[in-house]
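**Q** Remember, the working numbering sits 19 above the position in the sequence shown when you count from 1.
A virtual CB, placed ideally from N, CA and C, is assigned to each residue, including glycine.
These figures come from a predicted structure and were not determined experimentally.
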Amino acid sequence: ASARVPTDMIAYETWTAPTMTADTDVFAGNSVFGPGGECTIGFGVRPFEPRRAPSGITGFLTTGHCYPKGARVSSVLRQPFGTVMQSTFGETGPGPDQAYVLLDRPAFTAREFVDGYGAGLITVLGSTEADPGDSVCKAGARSQWKCGTVLFYDTSKPVTFVDGGDRTTRMVTNVTETS
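Structural data, given as structure tokens:
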């Protein structure tokens, strides 16, 4: 069952985060830089057996069209801090647009919140699949903090990306479209 909550009725709690430095704290919604330019750090990833990070997060998700497997990525201050371990972007036909980055410098700390930009830091408490009509919010390096309603999900659609002057169109699967 899903709750149908109008977007204007969404409430979230903000809090004062610990002192953070842009060059050593890693959290969703912020920029990440690599061979594909600027993209957005997605949610943190925990392995089955946490190794290093106090939060248990040892990496994060991002888009596959930005970075190929093996690429080094950097923080907003251009300090290298991770390696793309897996990446896919419909190389052999329709497919998901996703990549996994392993944080490989101990000085960097993965945090369990999302940059809500003007809304503050948003704590991530869990996840669930949203149904059409559900209200959702997202954070992105370029789009910043936006909320909307799920129109449909788990569909495929052609998506065009611009890299420098080159335009690439690929069929991306598992797309969630929002208002």
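Buried or exposed: which applies to R161, given that a residue is buried once 16 or more other Cβ atoms fall within 10 Å of its Cβ?
**A** Residue 161 sits at position 142 when you count from the first residue of the sequence shown. R161 comes out exposed.
**Q** With distances taken Cα to Cα, identify the nearest neighbour of V191 among T174, F100, S198.
**A** Stepping through the sequence shown from its first residue, residue 191 is reached at position 172. It is T174.
**Q** Do you know whose CA, among G135, Y119, A126, lies nearest N49's CA?
**A** For the purposes of this step, residue 49 is identified with residue 30 of the sequence shown, where counting begins at 1. The residue with the shortest Cα to Cα distance from N49 is G135.
**Q** Give me the DSSP bridge partner(s) of P177.
**A** Here residue 177 refers to the residue found at position 158 of the sequence shown. Per DSSP, M190.
**Q** Does the count of Cβ pairs from the segment 86 to 100 and the segment 162 to 169 closer than 8 Å reach three?
**A** No contact exists between the segment 86 to 100 and the segment 162 to 169.
**Q** Kindly indicate which three-state DSSP category Y119 falls into: helix, strand or coil?
**A** Taking the first residue of the sequence shown as 1, we reach residue 119 at position 100. Residue state, collapsed to three classes: strand.
**Q** Out of L80, D44, G101, G78, which one is the CA nearest neighbour of G53?
**A** Counting from 1 along the sequence shown, the entry for residue 53 is found at position 34. Closest option to G53, Cα to Cα, is G101.
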